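Q: First to last, the sequence lines map onto chains E and Z. Following the working numbering, the numbering of the first sequence begins with 1 at its first residue and continues without gaps. Following the working numbering, the numbering of the second sequence begins with 213 at its first residue and continues without gaps. Dropping a structure here in structure tokens format, bear with me for questions.
Protein chains: 2
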Amino acid sequence: MVAVDTVLFAIKDGRLQTFLVELRRGPGRGRWAFPGGLVRVGELLDSAARRELHESTRLRSAYLEQLFTFGDPSRDPRGHVVSVAYMALIPDAQQIGAPSYKYETGRWYEVGDLPQLAYDHSLMAAYAVKRLKSKLEYSNIAYALLPREFTFAEFEELYSLLLGRPLDRRNFRRRILAMGILKQLSHTRRGPHRPAALYSFAQQSLRFIEML
Amino acid sequence: MVAVDTVLFAIKDGRLQTFLVELRRGPGRGRWAFPGGLVRVGELLDSAARRELHESTRLRSAYLEQLFTFGDPSRDPRGHVVSVAYMALIPDAQQIGAPSYKYETGRWYEVGDLPQLAYDHSLMAAYAVKRLKSKLEYSNIAYALLPREFTFAEFEELYSLLLGRPLDRRNFRRRILAMGILKQLSHTRRGPHRPAALYSFAQQSLRFIEML
DNA sequence: CCAAAAGTGTTGGCTCTACACCCATGA
DNA sequence: TCATGGGTGTAGAGCCAACACTTTTGG
Numbered sequence: 001m002v003a004v005d006t007v008l009f010a011i012k013d014g015r016l017q018t019f020l021v022e023l024r025r026g027p028g029r030g031r032w033a034f035p036g037g038l039v040r041v042g043e044l045l046d047s048a049a050r051r052e053l054h055e056s057t058r059l060r061s062a063y064l065e066q067l068f069t070f071g072d073p074s075r076d077p078r079g080h081v082v083s084v085a086y087m088a089l090i091p092d093a094q095q096i097g098a099p100s101y102k103y104e105t106g107r108w109y110e111v112g113d114l115p116q117l118a119y120d121h122s123l124m125a126a127y128a129v130k131r132l133k134s135k136l137e138y139s140n141i142a143y144a145l146l147p148r149e150f151t152f153a154e155f156e157e158l159y160s161l162l163l164g165r166p167l168d169r170r171n172f173r174r175r176i177l178a179m180g181i182l183k184q185l186s187h188t189r190r191g192p193h194r195p196a197a198l199y200s201f202a203q204q205s206l207r208f209i210e211m212l
Numbered sequence: 213m214v215a216v217d218t219v220l221f222a223i224k225d226g227r228l229q230t231f232l233v234e235l236r237r238g239p240g241r242g243r244w245a246f247p248g249g250l251v252r253v254g255e256l257l258d259s260a261a262r263r264e265l266h267e268s269t270r271l272r273s274a275y276l277e278q279l280f281t282f283g284d285p286s287r288d289p290r291g292h293v294v295s296v297a298y299m300a301l302i303p304d305a306q307q308i309g310a311p312s313y314k315y316e317t318g319r320w321y322e323v324g325d326l327p328q329l330a331y332d333h334s335l336m337a338a339y340a341v342k343r344l345k346s347k348l349e350y351s352n353i354a355y356a357l358l359p360r361e362f363t364f365a366e367f368e369e370l371y372s373l374l375l376g377r378p379l380d381r382r383n384f385r386r387r388i389l390a391m392g393i394l395k396q397l398s399h400t401r402r403g404p405h406r407p408a409a410l411y412s413f414a415q416q417s418l419r420f421i422e423m424l
């Protein structure tokens, strides 16, 4: 039997968070897990991941990428279930809706502070975080975690948050702008202080670029 | 149903080659494919890949890494079989023996000159080559393609072969030696010309290092 | 006019690239 | 002694990191 499980990420309250559901049935009942379920016969793996993600979050679209396949026969006490893990990214944690009857409830957890997880989902979490962080360094994947328009400060905060280290504002800005992956918009964001120029990604699809 | 398929690489006759088997049974009968087969209930994916590799090549050990999982329901006309693709590397193409009764025969093919492949194995081939080439740039994975002892010229040839471009001998040597991933051995290789210093990898296990 | 965030340049050190000749050996 | 592959150094250019003050706005 083949399942898919999806590690969904978003930036929420200035932290990298991931969406967990509480299992209502099965051996992990009462425990938290990433949303997922069995692949149907005749169904594409990607489609299964999107379907399960929709059932648990009502999301209609998200960046989705296959991560790794976990096949330890002891990972699920019910039997030998091979699980294809996916990573999903969305720009706005508020987009999600109520999960289906299949789950008790769902909520966001900070990546550094996850509860005990069902099955081998802790492994998946570690794998997904590693992939996301490393992909930030050689691709424009950040586009999937940021809203359409954002200030340069927001862009930089995302990087410094995920990389876990401060970045030099001037050097970082110079490098990123020289790459041409962002385009500056004609309008600005007004606030209590000096208005900030708004940017958006030149390409809203994955590109491989040496970022750091 | 879950299968594993393994793209085995070795350098042979100065080219990157991969090992194909000729299918004796099933819908791809008479066609070439990467060695693989169904995962048994209770079996680890890695173990299944090693078992299938052993059955088709008699190899007892090889560098093995999971690549990607292919799940298109139409990939196998017999039914919906999800296949976990692996990449394997060996230092010496001569190590392999005769395949089991399961296959008609097996042989090495140059990566740039593969015959028509069964199932979606052309996709796998492309994926594996891409992974191998990119991993050369940020890890010491080359250790799995080279014999225990090698000359610096052999090391450089491997890189220039796989990257598809010439390397500056002096610059490349300076950089690699400065990294400390190789250790020079006390003996040399004698031949018809000036003897070459022999090196081996300081670590015979995968390390992530910026190589280029 | 004050608080707060946005925005901007220069310099020194280091790294990378380009490039050509001598060395050690066996035949 | 010659043919063959092994092995080595330098200089100029470009890149990167470190570093602090001015600008713009709203309240």
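A virtual CB, placed ideally from N, CA and C, is assigned to each residue, including glycine. This structure is a prediction, so every number in the text was calculated from the model and none was measured.
#1: For residue 280 (chain Z), which option in Z:219, Z:322, Z:318 has the closest C-alpha, if you only look at C-alpha atoms?
#2: Hey, residue 146 (chain E) and residue 16 (chain E) are a contact pair by Cβ (cut 8 Å); roughly how many whole angstroms apart?
#3: I want to know whether the region 339-358 of chain Z touches the region 256-265 of chain Z - three or more CB-CB distances under 8 Å.
#4: Measuring only the C-alpha atoms, how far is residue 230 (chain Z) from residue 31 (chain E)?
#5: Suppose you measure from the CA of residue 321 (chain Z) to the CA of residue 329 (chain Z); what does that come to, to the nearest Å?
#6: Please list the partners that residue 84 (chain E) has in chain Z, where partner means a Cβ-to-Cβ separation under 9 Å.
#7: When you compare only the Cα positions, how much space is there between residue 419 (chain Z) and residue 413 (chain Z)?
#8: Determine, using beta carbons only, whether residue 222 (chain Z) and residue 305 (chain Z) come nearer to each other than 8 Å.
#9: Along the chain, where does the beta strand (DSSP E) containing residue 223 (chain Z) start, and where does it finish?
#10: With the cut-off set at 8 Å, would you say residue 368 (chain Z) and residue 381 (chain Z) are in Cβ contact?
#11: Are any of the Cβ atoms in chain E nearer than 8 Å to that of residue 341 (chain Z)?
#12: Taking residue 27 (chain E) as the reference, which of E:72, E:76, E:56 has the closest Cα?
#13: Taking the DSSP output, what are the residues bridged to residue 87 (chain E)?
#14: Between the Cα of residue 189 (chain E) and the Cα atoms of E:158, E:172, E:150, which residue gives the shortest distance?
#15: List the endpoints of the continuous alpha helix (DSSP H) containing residue 130 (chain E).
#16: Helix, strand or coil for residue 94 (chain E), going by three-state DSSP, please let me know.
#17: Give a yes or no on whether the minimum CB-CB distance between residue 277 (chain Z) and chain E is below 8 Å.
#18: How is the beta strand (DSSP E) around residue 411 (chain Z) delimited, first residue to last?
#19: Expressed to the nearest angstrom, what Euclidean distance is found between the alpha-carbon atoms of residue 85 (chain E) and residue 124 (chain E)?
#20: Within a Cβ cutoff of 8 Å, which residues of the same chain sit near residue 416 (chain Z), ignoring the five residues on either side of it in sequence?
#21: Counting only beta-carbon atoms, is residue 242 (chain Z) nearer than 8 Å to chain E?
#22: Between which residues of its own chain and residue 213 (chain Z) is the CB-CB distance below 8 Å, once the five residues before and five after are set aside?
#23: Kindly say whether residue 219 (chain Z), judged by its beta-carbon, lies nearer than 8 Å to any beta-carbon of chain E.
#24: Shorter than 8 Å from the beta carbon of residue 256 (chain Z) to some beta carbon of chain E?
#25: Report the rounded CA-to-CA distance for residue 175 (chain E) versus residue 153 (chain E), giving the unit in angstroms.
A: This is what the structure holds:
#1: Z:219
#2: 13 Å between Cβ atoms; not a contact.
#3: no
#4: 45 Å
#5: 12 Å
#6: 281, 283, 294, 296
#7: 11 Å
#8: yes
#9: 214-224
#10: yes
#11: no
#12: E:76
#13: E:7, E:65
#14: E:150
#15: 121-138
#16: helix
#17: no
#18: 408-413
#19: 7 Å
#20: 355
#21: no
#22: 250, 291, 292, 293, 294
#23: no
#24: yes
#25: 14 Å
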